[in-house]
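Everything below concerns the one structure shown next.
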Amino acid sequence: MAVDRREAAIPVAAPPATTEHAAGAAIRQSSLWQDAWRRFLQNKGAVVAAIVFILMCLYCLLIPGFWKIPGIWTSLKDYDPNAVDFSQSYAGFSLDHPFSTDKFGRDLFARVAQGGQISIAIGFAATFMILVIGVVYGSISGFVGGRVDNGMMRFLDALYGLPYLPFAIITTQILSPSGSVSVWTMVVALTIASWFTAARVVRGQVITLKENDYVRAAKAVGARWYRVLARHLLPNTLGILVIAIFLELPGVVLGEAFLSFIGLGINPPTASWGSIAQDGREAYRLHPEVLFIPCLAIATLVLCANFIADGLRDALDPRTRET
Amino acid sequence: MATFIIRRIIWTIPVILLVIFMTFVMMKQIGGNPFRKTERNVPPAIQANLERKFNLDKPWYQQYVYYVKDVATFDLGPSMSQRTRTVNDIIKDGFPKSLKLGLLAFLWAVILGIPLGVLAALKPNSIFDYFAMFFSTIGFALPSFFVATLLIYYVALKWGLVPTNGWPQGFLEFDDRVILPSFALGLFPMAYFARLVRGSMLETMQQDYVRTARAKGLTYRRVVGLHVLRNSLIPAVTATAPLLGLIITGTFIIEIIFSIPGIGRYFINSVFNRDFSVVMGITVLTSLIIIIANLFVDIMYGILDPRTRDVR
Chain W
1 MAVDRREAAI PVAAPPATTE HAAGAAIRQS SLWQDAWRRF LQNKGAVVAA IVFILMCLYC
61 LLIPGFWKIP GIWTSLKDYD PNAVDFSQSY AGFSLDHPFS TDKFGRDLFA RVAQGGQISI
121 AIGFAATFMI LVIGVVYGSI SGFVGGRVDN GMMRFLDALY GLPYLPFAII TTQILSPSGS
181 VSVWTMVVAL TIASWFTAAR VVRGQVITLK ENDYVRAAKA VGARWYRVLA RHLLPNTLGI
241 LVIAIFLELP GVVLGEAFLS FIGLGINPPT ASWGSIAQDG REAYRLHPEV LFIPCLAIAT
301 LVLCANFIAD GLRDALDPRT RET
Chain R
1 MATFIIRRII WTIPVILLVI FMTFVMMKQI GGNPFRKTER NVPPAIQANL ERKFNLDKPW
61 YQQYVYYVKD VATFDLGPSM SQRTRTVNDI IKDGFPKSLK LGLLAFLWAV ILGIPLGVLA
121 ALKPNSIFDY FAMFFSTIGF ALPSFFVATL LIYYVALKWG LVPTNGWPQG FLEFDDRVIL
181 PSFALGLFPM AYFARLVRGS MLETMQQDYV RTARAKGLTY RRVVGLHVLR NSLIPAVTAT
241 APLLGLIITG TFIIEIIFSI PGIGRYFINS VFNRDFSVVM GITVLTSLII IIANLFVDIM
301 YGILDPRTRD VR
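For the record, the sequence lines run as chains W and R.
For the first sequence, position 153 (counting from the first letter as 1) is numbered 153 according to our numbering, and the numbering increases by one without interruption.
For the second sequence, position 246 (counting from the first letter as 1) is numbered 246 according to our numbering, and the numbering increases by one without interruption.
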């Protein structure tokens with residue numbers, strides 16, 4: 001019975017190799033995340049980035065289709081992302097169309113929001129899959145160790161030799177031979193092309209944690225390997241995983257934008273930021289705004305994610321503060 | 001040292017085989033048999049002959065062995081959509097242009113990014129430091145196609161300083177058309193270098209041996225030039241390999257935007273034309289470049305920092 005109590009008292013997400021006193025472990029359990037939250041709030045850049053990030057997500061979720069500012073937008077076609085109106089082709093900035101319109105007279109304020117839904121959804125879905133694969137591969141490799149670890153890491157080294165963009169493009173072609181690329185195809189292709197780093201990071205963390213006293217203690221009192229893994233090792237990788245979300249997200253969003261921009265991404269009329277930018281490319285010499293606005297949206301998202309990742313890293317792991 | 005280098009070189013062979021294998025398997029997944037999907041009705045005898053000529057009647061593992069042999073002898077086969085040309089022709093045509101673009105971009109990154117990082121680290125928290133870090137943050141976040149079109153729109157169209165697109169023919173020919181594409185491609189590695197070098201400089205300056213050197217009475221200049229700079233540039237050397245992957249990815253986009261007839265543009269066109277022998281050839285080629293660059297960086301790293309030799 002004592003064994004169980006001891007294990008329960010071990011913080012679910014104690015900082016790795018913590019130097020804090022062992023006393024009051026149960027209290028520490030909540031206080032790691034509270035401490036991290038407090039440190040995060042002190043980082044002004046990260047907080048601003050987080051607010052902008054949330055506002056952007058809200059804009060993307062709320063604008064398309066049903067949002068209407070009373071008195072300014074008068075009819076449905078003004079804010080329907082797919083409503084075509086050639087009389088409004090490249091209408092320029094106005095209160096009716098705060099982000100102007102594209103060639104077909106589609107309102108970009110609504111379209112960028114709808115494209116953002118797709119871009120952000122692909123971003124989060126692919127990031128989630130990257131982390132799941134990374135955790136499984138990395139924790140097996142790090143936990144088993146020895147020959148298995150060596151082999152798995154060598155395989156990963158070899159995969160690093162594959163060029164990212166061709167690899168992703170070929171995967172989309174395999175998954176959709178007819179050439180119609182769906183959201184899920186994109187998610188899978190981007191995941192397959194970019195899960196390596198996450199796996200490495202998780203493996204590194206698991207190997208460091210494996211040598212900790214509490215893991216040895218758990219093993220010494222007879223905890224099975226799966227219990228050690230599920231109870232002690234994986235919860236402690238939670239911190240780096242939260243950081244990894246915001247490190248992987250920009251890469252995936254940019255990757256999707258690249259593919260859509262060269263015409264190998266999501267199929268029209270579904271919009272993503274990359275495909276709106278591609279639409280804008282036709283006429284950017286005369287109407288640069290159609291290209292620049294989705295690009296600015298991508299840049300803002302990437303910038304925010306970078307700042308949030310920095311802030312989270314400083315907050316969750318103050319020892320490895322990077323300059 | 002020699003053993004380290006030899007071991008490292010031998011290790012790349014299975015990596016190359018594995019990468020070719022993965023590309024091969026992937027192409028088998030999409031490609032199918034190129035002679036079975038034509039509109040023309042090919043008589044079975046001719047079809048069989050064609051298949052025999054390109055070894056398509058053999059089991060996949062033999063095809064793989066043939067392909068590895070072909071790659072080893074630099075013969076990447078015929079193009080499926082451009083009947084008169086081979087993949088070799090296309091690569092011979094496009095690769096020097098892409099290589100030049102990549103090298104110029106890398107040059108921008110080295111000659112602007114590294115000094116930016118060094119200067120920022122010498123005066124941390126100064127106006128210049130903030131400017132450099134702001135610049136590198138921007139360079140990090142802007143997608144390269146945005147940078148490229150922004151540059152075309154303002155520098156080429158509005159101000160008329162340079163042409164909007166095109167690329168000099170010869171490998172050693174340079175004119176004002178190379179400036180914008182290489183800068184647009186080099187911005188990200190530049191930002192990366194600036195950030196990396198600044199961080200590692202700041203860290204090196206905290207080291208004991210730097211304090212010792214100062215305490216011995218060496219001038220600030222000598223300490224920075226001799227001890228700090230050399231040690232803090234090691235991470236920049238290591239970062240070269242992953243950056244190369246990014247530069248290759250970038251060339252694909254930049255070549256499309258600036259209409260540069262490099263391998264990236266051929267690659268994308270070949271994907272649209274479903275010309276998979278070109279797709280495969282270019283993928284294998286870029287993989288080989290990345291693997292060889294990794295090898296080179298590892299060896300350089302082993303020379304610069306002897307502690308890393310024993311790890312492998």
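All residues carry an ideal CB built from backbone N, CA and C; glycine is no exception.
Query raised in the report: Does the region 15 to 25 of chain R come close enough to the region 56 to 76 of chain R to have 3 or more Cβ pairs within less than 8 Å?
Result: Touching, yes.
Query raised in the report: Is it the case that the Cβ atoms of I253 (chain R) and S144 (chain R) are separated by a distance below 8 Å?
Result: With contacts defined by Cβ atoms closer than 8 Å, I253 (chain R) and S144 (chain R) form a contacting pair.
Requested in this report: Would you mind reading off the limits of the alpha helix (DSSP H) that contains F74 (chain R)?
Outcome: No alpha helix (DSSP H) holds F74 (chain R); DSSP gives it neither H nor E.
Query raised in the report: What three-state label does DSSP hand T270 (chain W) in the structure shown?
Result: Coil, per DSSP.
**Report entry** D129 (chain R) versus A120 (chain R): straight-line alpha-carbon distance, rounded
**Finding:** If I take the Cα positions, the gap works out to 4 Å.
Query raised in the report: Taking the alpha helix (DSSP H) that S259 (chain R) falls in, what are its first and last residues?
Result: S259 (chain R) -> no alpha helix (DSSP H), and no H or E assigned at all.
Query raised in the report: How about A191 (chain R) and G113 (chain R): do their beta carbons lie closer than 8 Å?
Result: Cβ atoms of A191 (chain R) and G113 (chain R): closer than 8 Å.
Report task. Name the two residues that bound the continuous alpha helix (DSSP H) containing V148 (chain W). Result -> Unbroken alpha helix (DSSP H) run through V148 (chain W): 146 to 159.
Report task. Give the C-beta separation of T137 (chain R) and L303 (chain W) to the nearest angstrom, bearing in mind that I take them to be a contact with Cβ-Cβ under 8 Å. Result -> That belief holds up - the Cβ atoms of T137 (chain R) and L303 (chain W) are roughly 7 Å apart, short of 8 Å.
Query raised in the report: Any idea what DSSP makes of D275 (chain R), helix, strand or coil?
Result: Per DSSP, reduced to three states, the secondary structure at D275 (chain R) is coil, with no helix or strand assignment.
Query raised in the report: What is the DSSP secondary structure of D314 (chain W), reduced to helix, strand or coil?
Result: D314 (chain W) falls in the helix class under three-state DSSP.
Query raised in the report: Which value, in whole angstroms, describes the spacing of the CA atoms of L264 (chain W) and L190 (chain W)?
Result: Straight-line measurement puts the Cα of L190 (chain W) at about 13 Å from the Cα of L264 (chain W).
Query - Inter-residue spacing [alpha-carbon to alpha-carbon] between G239 (chain W) and I90 (chain R) - result: About 48 Å.
Query raised in the report: With a CB to CB cut of under 6 Å and the five nearest residues on each side skipped, what residues in its chain are close to A305 (chain W)?
Result: Answer for A305 (chain W): F246, L249, P250, listed in chain order.
Query raised in the report: Where are the alpha helix (DSSP H) runs, 4 residues long or more, that stay fully inside the region 145 to 188 of chain R, in chain order?
Result: Annotation note: the region 145 to 188 of chain R contains no uninterrupted alpha helix (DSSP H) run of length 4 or greater.
Query - Own chain partners of L295 (chain R) with C-beta closer than 8 Å, once the 5 adjacent residues on each side are dropped - result: Leaving aside the five residues that flank L295 (chain R) on each side, the residues in its chain whose CB is nearer than 8 Å to its CB run, in chain order, R8, I9, T12.
Query raised in the report: If you draw a straight line from the C-alpha of W184 (chain W) to the C-alpha of A125 (chain W), how long is it?
Result: W184 (chain W) and A125 (chain W) have their C-alpha atoms roughly 9 Å apart.
**Report entry** Any chain W beta carbon closer than 8 Å to S136 (chain R)
**Finding:** No, because no Cβ of chain W sits closer than 8 Å to the Cβ of S136 (chain R).
Requested in this report: Check the DSSP bridge columns for L101 (chain W) and list the partner residues they point to.
Outcome: First, the amino acid is wrong: residue 101 (chain W) is Thr here, not Leu. Looking at the DSSP assignment, T101 (chain W) forms a beta bridge with W:D107.
Query - Neighbour list for G245 (chain R) in chain W, Cβ cutoff strictly below 7 Å - result: In chain order, P163, Y164 make up the part of chain W whose C-beta sits under 7 Å from the C-beta of G245 (chain R).
Query - Top-ranked residue by Cα proximity to V188 (chain W), from W:I169, W:R200, W:Q205, W:S178 - result: That would be W:I169, whose Cα lies nearest to the Cα of V188 (chain W).
Query - Reference L156 (chain W); option with closest CA among W:T197, W:Y214, W:R224 - result: Ranking the options by Cα distance to L156 (chain W), first place goes to W:T197.
**Report entry** Residues of the region 175 to 195 of chain W whose Cβ lies closer than 7 Å to any Cβ of chain R, in chain order
**Finding:** Within the region 175 to 195 of chain W, the qualifying residues are P177.
Query raised in the report: Considering only the beta carbon of each residue, do Y226 (chain W) and G245 (chain R) sit closer than 8 Å?
Result: It is not a contact, given that the beta carbons lie outside the stated cut-off.
Report task. Classify T86 (chain R) as helix, strand or coil using the three-state DSSP reduction. Result -> Strand, per DSSP.
Query raised in the report: Which residues, in chain order, does the region 199 to 218 of chain R contribute to contact with chain W at a C-beta distance below 7 Å?
Result: Residues G199, L202.
Query raised in the report: When you check each C-beta in the region 119 to 144 of chain R against every C-beta of chain W, which residues fall closer than 9 Å?
Result: Within the region 119 to 144 of chain R, the residues whose Cβ lies closer than 9 Å to some Cβ of chain W are A121, P124, T137, I138, F140, A141, L142, P143, S144, listed in chain order.
Query raised in the report: DSSP state of Y284 (chain W), grouped into three classes?
Result: Note: Y284 (chain W) maps to coil in three-state DSSP.
Query raised in the report: Comparing the C-beta of T270 (chain R) with each C-beta of chain W, is any distance below 8 Å?
Result: The displayed chain sequence assigns Ser, not Thr, to residue 270 (chain R). For S270 (chain R), the answer is no, since every Cβ of chain W falls outside 8 Å of its Cβ.
Query raised in the report: Mind checking whether L243 (chain R) and S182 (chain R) have CB atoms under 8 Å apart?
Result: No; because the gap between Cβ atoms is not below 8 Å, this pair is not in contact.
Query raised in the report: Going by other Cβ atoms of all chains shown within 10 Å of its Cβ, with 16 needed for buried, is G151 (chain W) buried or exposed?
Result: Exposed is the call here.
Query raised in the report: Quick one: is P288 (chain W) near chain R, going by C-beta distance under 8 Å?
Result: The Cβ of P288 (chain W) sits closer than 8 Å to at least one Cβ of chain R.
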